[in-house]
Amino acid sequence: YDVGDLVDIGGTFGKVEAMTIVSTTLRKLDNQKVIVPNNKIWGDIVTNVTGTSKRRVDMVFGIGYSDDIAKAQKILEEILENHEAILKDPEPVVRVHELGDSSVNFVVRPWVETENYWDVYWDVTRSVKERF
Numbered sequence: 015y016d017v018g019d020l021v022d023i024g025g026t027f028g029k030v031e032a033m034t035i036v037s038t039t040l041r042k043l044d045n046q047k048v049i050v051p052n053n054k055i056w057g058d059i060v061t062n063v064t065g066t067s068k069r070r071v072d073m074v075f076g077i078g079y080s081d082d083i084a085k086a087q088k089i090l091e092e093i094l095e096n097h098e099a100i101l102k103d104p105e106p107v108v109r110v111h112e113l114g115d116s117s118v119n120f121v122v123r124p125w126v127e128t129e130n131y132w133d134v135y136w137d138v139t140r141s142v143k144e145r146f
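In our numbering, the protein residues as written are 15 to 146.
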């Protein structure tokens, strides 16, 4: 990872602000500054969220057991098809995922350019609420 990347280091998520020989400084999304000793990083898992140009957005939406599954799937697919920031390749996935206690849950997985991740997440969530 480099300065400017969004990373998750051992459960601490933030933007890398600085790196020295002894520590890495992260700025969390709520603007807290966290200084992580490098000896903690070396033995831990590091996830670089911005390390690639594309990301998959993983979402789950539920419908009632009496609702029309085919209609719900069509609505979800239309929402993804009509969003300009969702990539056509790799193709988005919309599938019935699980039978929950009170809902039939769909997994919705569009691919986006990394910088569009949160906008797509929020836009799709809002559109699903409006269309369901």
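Beta carbons are placed, not taken as given, at the ideal position from N, Cα and C, and that holds for glycine.
Asked	Found
Among V63, S141, T64, nearest to N96 - alpha-carbon criterion	S141
C-alpha distance - N119 paired with H111, whole-angstrom precision	6 Å
Three-way DSSP call (helix, strand, coil) for A32 in this model	strand
Straight-line gap, T26 to L40 (C-alpha atoms, nearest Å)	8 Å
Endpoints, beta strand (DSSP E) assigned at L20	20-23
Exposure label - R69; buried when at least 16 CB within 10 Å	buried
First through last residue of the alpha helix (DSSP H) which encompasses N52	52-56
Between the CA atoms of V138 and L113 - distance to the nearest angstrom	22 Å
For Y135, the nearest candidate out of K47, V63, D72 (CA to CA)	D72
Pair within 8 Å by beta-carbon distance, V108 and L90	yes
Own chain residues within Cβ distance below 6 Å of T61, not counting five before or after	D22
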